[in-house]
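Those protein sequence lines, which keep their order, are chains A and B. Per numbering that gives the first Met the number 0, residue 0 is the first one in the first sequence, and the count goes up by one each step. Per numbering that gives the first Met the number 0, residue 0 is the first one in the second sequence, and the count goes up by one each step. Only one structure is covered here, and it is reproduced in the block below.
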Amino acid sequence: MTIQWWQILMLTLYAGLAFYDGNNTTFGTVKPTMAGFVAGLVLGDIRTGLMVGGTLNLLVLGIGNFGGASIPDYMTGALLGTVFAITSGQGAEFGVTLAIPIGLLMIQLDILARFSNTFFQHRAEKLVDKGEFDAAARMNLFGLIPQSLSRMLPVFLAVVFGSAFVELVVNNLPMWLMNGLKTAGGILPSLGIAILLRYLPVSKNITYLILGFFLAAYLKVPVLGAALVGLGLAILSFQMSNEKQAVQQESTVMAGGDMGDE
Amino acid sequence: MSKEKVMLTKEGNQVFWRWYFLGGCGWNYEKMQGLGYYFSMLPMIKRQTDPHVKKQLAKTELQFFNTNNTMAPIIMGVDCALQDSTGAQATDTIAALKTGMMGPLAGIGDTLFHVIPSTIIGSIASYMALEGSPLALILWVLFGLFRAFCMRSFFGMGYKEGAKIVSEIGNRLKKITQAANILGITVIGALIPSVVNARFAYEFTMGEVSISVQQLADQIMPSLAPTLVVFFAYWMLGRKKMNSTRVTLLLVAVGILAYNLKIFA
């Protein structure tokens with residue numbers, strides 16, 4: 000299919016909005032699943048969008064740009080991956096394999112945008128020195144420009160000019176590579192899981208990891224069902240830690256009372 | 000937590016909403032959130048009448064600042080309260096307080112408001128998306144509203160209780176974090192067999208009987224291949240000179256190889 004101008008416009012605007020939302024209001028538009036869904040909605044194939052977005056989202060589950068670390072941008076990846084999957088007619092797995100290098104390349108643009116904003120910081124410092132407080136505050140708003148352009152420009156250019164390139168790739172990619180990439184797409188979510196296993200206090204909570212695995216692997220419970228069991232156990236643990244604290248406080252009060260008697 | 004309602008000044012309200020909607024715009028490598036913090040505090044700064052004090056305060060608020068977005072309103076609340084109670088002589092105190100509080104709050108906030116919700120909601124939303132349903136995406140919107148509510152309460156608490164709130168809230172949030180970890184780790188356990196897609200392809204042929212490795216693996220444990228792949232990724236991540244980008248590329252290479260060597264289907 001060929002892409003309409005209004006679709007290009009919507010996708011470009013979404014990229015800018017999602018990046019703003021991710022840094023400020025946080026309603027999930029920056030998550031790859033949401034980006035894939037929206038791209039699918041705009042292009043009239045929600046299912047493919049969800050497949051591309053969902054797979055990419057699993058790669059970056061718990062990763063955040065803490066302290067300004069740049070992370071692979073699979074929001075942009077999911078948008079473009081979905082577009083190329085649908086326009087080329089090659090399906091979601093193909094979209095995912097294109098989205099991964101896109102997401103990795105976006106790291107460089109993210110660094111560039113954050114670097115450009117240093118300029119506005121310097122301007123603001125000079126303006127405060129001159130006593131122009133309002134003008135200095137406006138510098139913060141100008142920071143939006145490099146940030147949103149770093150997402151909107153690549154999306155726009157890729158959607159407008161990328162399709163021809165993607166067609167070229169599709170027509171020249173050998174079968175062994177195409178199928179191999181599909182297998183790779185299947186095992187990639189293990190990375191997101193592995194990152195979380197490294198980050199969260201797993202050894203202390205190994206019971207719950209085994210329990211979740213057991214529920215899904217042996218009993219075929221869907222993830223949402225396993226999450227409900229986890230929620231129940233989390234509430235239990237919270238209640239127990241509250242009770243423990245109450246008991247401890249009580250015993251220290253009693254110990255204090257004893258000492259007073261002597 | 001007392002239920003007494005905190006009366007925020009007009010400026011206090013403005014500070015909060017400026018941070019909520021636009022605090023992250025000016026992020027830069029040099030002072031990180033410093034520019035956004037200054038932008039948010041502008042209504043408080045402009046209240047000062049003495050030009051010297053005003054400039055001093057403005058410079059203090061423009062300094063390096065970096066913490067979790069959701070937790071920052073606590074610090075801003077304390078900052079506003081200090082300015083209201085001690086006037087503008089407080090610039091040294093404000094500077095010390097901002098740097099003192101941003102570290103501990105960043106650690107708690109990143110775990111509680113980023114890693115854990117991203118894990119839990121992200122897992123559920125991705126899983127349902129792979130099944131073809133966008134319904135779980137609504138969880139993100141609900142989380143966004145919940146987070147806005149938390150930020151608003153944090154601002155009020157900081158404003159009312161001052162700096163002592165940080166250790167208090169830290170203790171309470173630590174308990175919640177521990178409980179949330181349990182939920183997150185259970186979900187991760189369930190994710191391994193649900194979303195990692197790896198099946199053995201190899202088949203033995205002995206005379207007339209052919210046995211597939213996948214059938215053998217299933218007898219040992221369901222989802223053996225996905226589990227092994229996760230262990231591999233986990234092990235690689237722990238190695239020196241490895242980061243998530245390199246492991247991504249490595250996994251792509253492994254996938255292509257495993258398919259062509261007929262290890263994985």
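Backbone N, C-alpha and C define an ideal beta-carbon position, used for all residues, glycine too. Bear in mind that the values here come from a model prediction, so they are computed numbers and not experimental data.
Paired residues, beta bridge with residue i - DSSP
i              : result
residue 27(B)  : 31(B)
residue 210(B) : 203(B)
residue 64(B)  : 31(B)
residue 263(B) : 199(B)
Contacts that residue i makes with chain B (C-beta to C-beta distance below 9 Å)
i              : result
residue 99(A)  : 247, 248 and 251
residue 171(A) : Correct list: empty, because the minimum Cβ distance to chain B is about 16 Å.
residue 50(A)  : 128, 129 and 131
Residue i: contacting residues in chain A (beta-carbon distance under 8 Å)
i              : result
residue 44(B)  : 132
residue 161(B) : The contacting residues do not exist; residue 161(B) stays about 24 Å from chain A at best.
residue 140(B) : 26 and 27
Chain B residues whose Cβ lies nearer than 7 Å to that of residue i
i              : result
residue 45(A)  : 133
residue 32(A)  : 124, 125, 128 and 136
residue 150(A) : Within 7 Å Cβ-Cβ: nothing; residue 150(A) doesn't reach chain B, min ~14 Å.
residue 200(A) : 180
residue 188(A) : 194 and 195
residue 69(A)  : None at all; the shortest Cβ gap to chain B is about 10 Å.
residue 93(A)  : Neighbours of residue 93(A) on chain B: none; closest Cβ ~14 Å, over 7 Å.
residue 207(A) : 181, 184, 185 and 188
residue 81(A)  : Those do not exist, as residue 81(A) stays about 11 Å from chain B at its closest Cβ, beyond 7 Å.
residue 222(A) : 122, 123, 126, 186, 189, 190 and 193
Residue range of the unbroken alpha helix (DSSP H) whose run includes residue i
i              : result
residue 184(B) : 164-194
residue 131(A) : Here residue 131(A) belongs to no alpha helix (DSSP H), and DSSP marks it neither H nor E.
residue 82(B)  : 71-85
residue 182(A) : 174-186
residue 49(A)  : 45-56
residue 96(B)  : 90-108
residue 9(A)   : 4-22
residue 26(A)  : From DSSP, residue 26(A) is part of no alpha helix (DSSP H); its letter is neither H nor E.
residue 226(B) : 223-236
residue 241(B) : Taken as a continuous stretch (DSSP letters only), residue 241(B) belongs to no alpha helix (DSSP H), as it is neither H nor E.
residue 11(B)  : 9-21
residue 64(A)  : Here residue 64(A) belongs to no alpha helix (DSSP H), and DSSP marks it neither H nor E.
residue 153(A) : 143-171
Where the beta strand (DSSP E) containing residue i begins and where it ends
i              : result
residue 205(B) : 202-205
Within chain A, partners of residue i - CB distance below 7 Å
i              : result
residue 296(B) : Look at the range of chain B in this structure, 0 to 264, and you will see that residue 296(B) is not part of it.
residue 97(B)  : Within chain A, no residue comes near residue 97(B); the closest Cβ sits about 16 Å away, beyond 7 Å.
residue 119(B) : 226
residue 171(B) : The premise fails here: residue 171(B) is roughly 10 Å from chain A at the closest Cβ pair, so nothing lies under 7 Å.
Residue from the options whose Cα sits closest to the Cα of residue i
i              : options                           : result
residue 30(A)  : 220(A), 116(A) and 58(A)          : 58(A)
residue 141(A) : 77(A), 187(A), 248(A) and 123(A)  : 123(A)
residue 202(B) : 18(B), 264(B), 245(B) and 181(B)  : 264(B)
residue 84(A)  : 218(A), 248(A), 168(A) and 134(A) : 168(A)
residue 91(B)  : 102(B), 103(B), 78(B) and 101(B)  : 78(B)
residue 14(B)  : 25(B), 44(B) and 213(B)           : 44(B)
residue 51(B)  : 128(A), 204(A), 234(A) and 163(A) : 128(A)
residue 187(A) : 135(B), 180(B), 152(B) and 227(B) : 227(B)
residue 137(B) : 133(A), 13(A), 32(A) and 43(A)    : 32(A)
residue 84(B)  : 248(B), 161(B) and 184(B)         : 161(B)
residue 63(B)  : 47(B), 53(B), 213(B) and 98(B)    : 98(B)
residue 35(A)  : 64(A), 67(A) and 91(A)            : 91(A)
residue 102(A) : 196(A), 76(A), 4(A) and 245(A)    : 76(A)
residue 131(B) : 117(A), 227(A), 48(A) and 228(A)  : 48(A)
residue 56(B)  : 132(A), 219(A) and 96(A)          : 132(A)
residue 259(B) : 177(A), 51(A), 228(A) and 67(A)   : 177(A)
residue 18(B)  : 31(B), 35(B) and 141(B)           : 35(B)
residue 88(A)  : 235(A), 120(A), 118(A) and 165(A) : 165(A)
residue 38(B)  : 117(A), 136(A) and 218(A)         : 136(A)
residue 24(A)  : 30(B), 16(B), 172(B) and 25(B)    : 16(B)
residue 231(A) : 182(B), 231(B), 196(B) and 197(B) : 182(B)
residue 235(A) : 219(A), 207(A), 171(A) and 218(A) : 207(A)
residue 74(A)  : 117(A), 19(A), 126(A) and 86(A)   : 19(A)
residue 235(B) : 225(B), 144(B) and 247(B)         : 247(B)
residue 253(B) : 238(A), 26(A) and 183(A)          : 183(A)
residue 82(A)  : 39(A), 115(A), 63(A) and 116(A)   : 39(A)
Partner residues on chain B for residue i, Cβ-Cβ distance less than 8 Å
i             : result
residue 76(A) : Chain B residues near residue 76(A): none, gap ~11 Å exceeds 8 Å.
Contact list for residue i against chain A, beta-carbon separation under 9 Å
i              : result
residue 255(B) : 175, 176, 178, 179, 180, 182 and 183
residue 217(B) : Result: empty, since nearest Cβ-Cβ is about 10 Å, beyond 9 Å.
Of all the alpha helix (DSSP H) runs that stay within the bounds of the stretch 129-167 of chain B, which reach a length of 4 or more residues? 137-160
To be precise: take each residue of the stretch 23-54 of chain B, compare its Cβ to all Cβ atoms of chain C, and keep it if any distance is under 8 Å. Which residues remain? In the structure shown, chain C does not exist; the protein chains are A and B.
In chain order, what are the residue ranges of uninterrupted alpha helix (DSSP H) at least 4 long that sit wholly in the stretch 188-230 of chain A? 188-198 and 205-216
Restricting to runs no shorter than 4 residues, where is the alpha helix (DSSP H) found entirely within the stretch 83-138 of chain A? 91-128
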